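Chemist: Have a look at this one.
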Amino acid sequence: MLSTAFTKTFGIRHPIVQGGMQWVGRAELVAAVANAGALGLLTALTQPTPEDLAREIARTRELTDQPFGVNLTILPAITPPPYEEYRQVIIESGVKIVETAGSNPAPHLPDFHAAGVKVLHKCTSVRHAIKAQDSGVDGISIDGFECAGHPGEDDIPGLVLIAAAAEQITIPMVASGGFADGRGLVAALALGADGINMGTRFMCTAESPIHQNIKEAIVAAKETDTELIFRPLRNTARVASNTVSREVVEILDRGGKFEDVRDLVAGARGRTVFENGDPEAGIWTAGTVQGIIHDIPTAGELVERIIAEAEALIAERLAGLSVPVSA
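Counting with our numbering, you get residues 22 to 348 for the letters of the sequence shown.
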């Protein structure tokens, strides 16, 4: 078993996190990940109301007696969700781990910490990771440019970003973006991280609550089959390449505004993709890591495989490398 600062601080057996994913982070997947000894995260805003989140937490508890957490993504909006109410549900439900993302988590930390909740904050840059560390979060998830969803605007791939963050971050840190197997876990540990966060890879598991057609589309896709939308708006998002995402890129590259693509990128259309299985029906997120995803195992099989691969790499391949002894 690989024991790291992350597993010790957050009370998880394996240094693997199933990150928050809109429409995907539901009870079936989260419980399967938790039962495998990794950290599964419900996605709070997938639930329409705080009351729905409370029910989903209860449903998860019916499926696992292992620790799991909740992702709370905090984004600016004209009419923001009732974040304080979601936060209170998390606390009252007895959940002890939260992944925050988006805006500064500082306003939420006093209530979470008073309730004994540990906070893992997702960042896309070293400067934001330092700010989150200084604000008092318990762990950092550093998200490289390879990731699905919002990679920030710096375009720093994980190979550099993880190492750069490790030079500044003293609390537990997991690496996000581009991870799918034991090779990635060992690489992340070598770069200074204490574990890995995976989204696209967990989308492509038996328990993932998305249509089988989409899982098969991920398996069939190459690492080049994604698009970066909203680049001219400086709100970049990495999504699967399809007719809709390519049209969005073309419109914005021509000088179009958000209003010109609003209907194309509507969240309801993306949800339809996952529910009905038509990969061309709307925008849906996927990372470049899809190029090294080749099957649809159970979450338990996936976690077990990654840990076994990582341990074998450390004990056999790396241990077998010849290191000259200087005179």
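Glycine included, every Cβ here is placed at the ideal spot set by N, Cα and C. Since this is a predicted model, take the numbers as computed values, not measurements.
In whole angstroms, what separates the C-alpha of Leu130 from that of Arg252?
Modeler: If you number the sequence shown from 1, residue 130 lands on position 109. If you number the sequence shown from 1, residue 252 lands on position 231. Those two C-alpha atoms are separated by around 31 Å.
Chemist: If Ala48 and Leu84 are in contact, beta carbons under 8 Å, what's the gap, nearest whole angstrom?
Modeler: Locating residue 48 in the sequence shown gives position 27, counting from the first residue. Locating residue 84 in the sequence shown gives position 63, counting from the first residue. With 8 Å as the limit, Ala48 and Leu84 qualify as a contact, their Cβ atoms being about 6 Å apart.
Chemist: With three or more beta-carbon pairs closer than 8 Å as the criterion, would you say the segment 231-238 touches the segment 299-311?
Modeler: Enough Cβ pairs lie closer than 8 Å, so yes.
Chemist: Does the pairing of the segment 51-61 with the segment 22-42 give three or more beta-carbon distances under 8 Å?
Modeler: Touching, per the Cβ criterion.
Chemist: Hey, could you find the ends of the beta strand (DSSP E) Met219 is sitting in?
Modeler: The residue you call residue 219 lines up with position 198 of the sequence shown. 217-219 is the extent of the beta strand (DSSP E) around Met219.
Chemist: Looking at Lys243: is its Cβ nearer than 7 Å to the Cβ of Gly308?
Modeler: Position 222 of the sequence shown, counted from the first residue, corresponds to residue 243. Position 287 of the sequence shown, counted from the first residue, corresponds to residue 308. Cβ atoms of Lys243 and Gly308: not closer than 7 Å.
Chemist: Once the 5 residues before and after Val351 are set aside, which same chain residues still bring their CB inside 6 Å of it?
Modeler: Not covered by the structure: residue 351. The range shown for the chain is 22 to 348.
Chemist: What are the boundary residues of the alpha helix (DSSP H) that includes Asn297?
Modeler: Within the sequence shown, numbered from 1, the residue matching residue 297 stands at position 276. Asn297 -> alpha helix (DSSP H) spans 288-297.
Chemist: Can you tell me whether Asn256 is buried or exposed? The criterion is at least 16 other CB atoms within 10 Å of its CB, across all chains shown.
Modeler: Here residue 256 refers to the residue found at position 235 of the sequence shown. That one is exposed.
Chemist: Quick check: the Cα distance between Glu77 and Ile151, rounded to an integer number of angstroms?
Modeler: In the sequence shown, counting from the first residue as 1, residue 77 sits at position 56. In the sequence shown, counting from the first residue as 1, residue 151 sits at position 130. About 33 Å.
Chemist: Assuming Val158 is part of the alpha helix (DSSP H), what are its boundary residues?
Modeler: Reading the sequence shown from its first residue, position 137 is the one you call residue 158. From DSSP, Val158 is part of no alpha helix (DSSP H); its letter is neither H nor E.
Chemist: Could you pull the start and end residues of the beta strand (DSSP E) that Gly213 belongs to?
Modeler: Counting from one through the sequence shown, the residue named residue 213 turns up at place 192. Per DSSP, Gly213 belongs to no beta strand (DSSP E) and is neither H nor E.
Chemist: For the beta strand (DSSP E) that Glu248 lies in, which residues bound it at each end?
Modeler: Your numbering for residue 248 matches position 227 in the sequence shown. Start and end: 247-250.
Chemist: Just to confirm the assignment, what range does the beta strand (DSSP E) spanning Tyr139 have?
Modeler: Residue numbering aside, residue 139 sits at position 118 when the sequence shown is read from its first letter. The amino acid at residue 139 is misidentified as Tyr; the sequence shows Lys. That run of the beta strand (DSSP E) goes 139-144.
Chemist: Is it buried or exposed for Lys236, if we count other Cβ within 10 angstroms and need 16 for buried?
Modeler: Sequence index remark: in the sequence shown, residue 236 carries index 215 (1-based). Buried, since its Cβ has 16 or more Cβ neighbours within 10 Å.
Chemist: Am I right that Pro172 and Arg275 are in contact with their C-beta atoms under 8 Å? What's the rounded C-beta distance?
Modeler: Along the sequence shown, one-based indexing puts residue 172 at 151. Along the sequence shown, one-based indexing puts residue 275 at 254. No, Pro172 and Arg275 are not in contact; Cβ-Cβ is about 23 Å, not under 8 Å.
Chemist: Within 10 angstroms of its Cβ, does Ser315 collect 16 or more other Cβ (buried), or is it exposed?
Modeler: If you number the sequence shown from 1, residue 315 lands on position 294. One detail in the question is off: residue 315 reads as His in this sequence, not Ser. With fewer than 16 other Cβ atoms within 10 Å, it is exposed.
Chemist: Quick check: what's the CA-CA separation for Thr67 versus Ala340?
Modeler: Taking the sequence shown and counting its residues from 1, the one referred to as residue 67 is at position 46. Taking the sequence shown and counting its residues from 1, the one referred to as residue 340 is at position 319. Cα to Cα, Thr67 sits roughly 44 Å from Ala340.
Chemist: Measure the Cβ-Cβ separation of Val349 and Lys117 and say whether it is below 7 Å.
Modeler: Past the edges of the chain, shown from 22 to 348, lies residue 349, and the structure says nothing about it.
Chemist: Could you say which of Ser114, Val119, Ala184, Ala135 lies nearest to Ser146 if we only look at CA atoms?
Modeler: As a first step, residue 146 must be located in the sequence shown, where it is residue number 125. Among Ser114, Val119, Ala184, Ala135, the Cα nearest to that of Ser146 belongs to Ala184.
Chemist: Tell me which same chain residues have a C-beta within less than 6 Å of the C-beta of Ala186, skipping the five on either side of it?
Modeler: Looking up residue 186 in the sequence shown gives position 165. Excluding positions up to five away in sequence, the list reads Val147, Ala150, Ile163.
Chemist: Could you round the C-beta distance between Leu249 and Leu273 to whole angstroms and report it? I think they count as a contact, below 8 Å.
Modeler: Taking the first residue of the sequence shown as 1, we reach residue 249 at position 228. Taking the first residue of the sequence shown as 1, we reach residue 273 at position 252. About 10 Å; that fails the 8 Å criterion.
Chemist: Which class does Glu322 belong to by DSSP, given the choice of helix, strand or coil?
Modeler: On the sequence shown, position 301 is the one that residue 322 refers to. Of the three classes helix, strand and coil, the one that applies to Glu322 here is helix, per DSSP.
Chemist: Return the chain-ordered list of same chain residues with a C-beta closer than 7 Å to the C-beta of Arg282, the five sequence neighbours on each side being excluded.
Modeler: For this step, residue 282 is matched to residue 261 along the sequence shown. A quick correction: the sequence has Val, not Arg, at residue 282. Cβ within range, chain order: Val269, Ile272, Leu273.
Chemist: Out of Val91, His142, Ala122, Pro97, which one is the CA nearest neighbour of Tyr358?
Modeler: Since the first residue shown for the chain is 22 and the last is 348, residue 358 is missing from the structure and cannot be characterised.
Chemist: I believe Arg290 touches Gly277 by the beta-carbon criterion, under 8 Å. Please report the beta-carbon distance rounded to the nearest angstrom.
Modeler: In the sequence shown, counting from the first residue as 1, residue 290 sits at position 269. In the sequence shown, counting from the first residue as 1, residue 277 sits at position 256. At roughly 18 Å, the Cβ-Cβ gap does not stay under 8 Å, so Arg290 and Gly277 are not in contact.
Chemist: Where does Thr17 sit, in a helix, a strand or coil, going by DSSP?
Modeler: Look at the range of the chain in this structure, 22 to 348, and you will see that residue 17 is not part of it.
Chemist: In the segment 249-275, which residue ranges form an unbroken alpha helix (DSSP H) of at least 4 residues, counting only runs that do not cross its ends?
Modeler: Qualifying alpha helix (DSSP H) stretches, in chain order: 264-274.
Chemist: Taking Cβ to Cβ, would you say Cys144 is nearer than 7 Å to Ala153?
Modeler: Position 123 of the sequence shown, counting from 1, holds the residue named residue 144. Position 132 of the sequence shown, counting from 1, holds the residue named residue 153. Against a cut-off of 7 Å, the Cβ pair of Ala153 and Cys144 comes out as a contact.
Chemist: Does the beta-carbon distance from Leu63 to Val45 come in below 7 Å?
Modeler: As a first step, residue 63 is located in the sequence shown; it is residue number 42 there, counting from the start. As a first step, residue 45 is located in the sequence shown; it is residue number 24 there, counting from the start. Going by C-beta atoms, Leu63 is not nearer than 7 Å to Val45.
Chemist: Could you spell out the range, first to last residue, of the beta strand (DSSP E) harbouring Glu120?
Modeler: In the sequence shown, counting from the first residue as 1, residue 120 sits at position 99. Element bounds for Glu120: 118-123.
Chemist: Would you kindly work out how many angstroms separate the C-alpha atoms of Thr4 and Thr100, rounded to a whole number?
Modeler: The shown model of the chain, from 22 to 348, leaves out residue 4, and the question about it has no answer.
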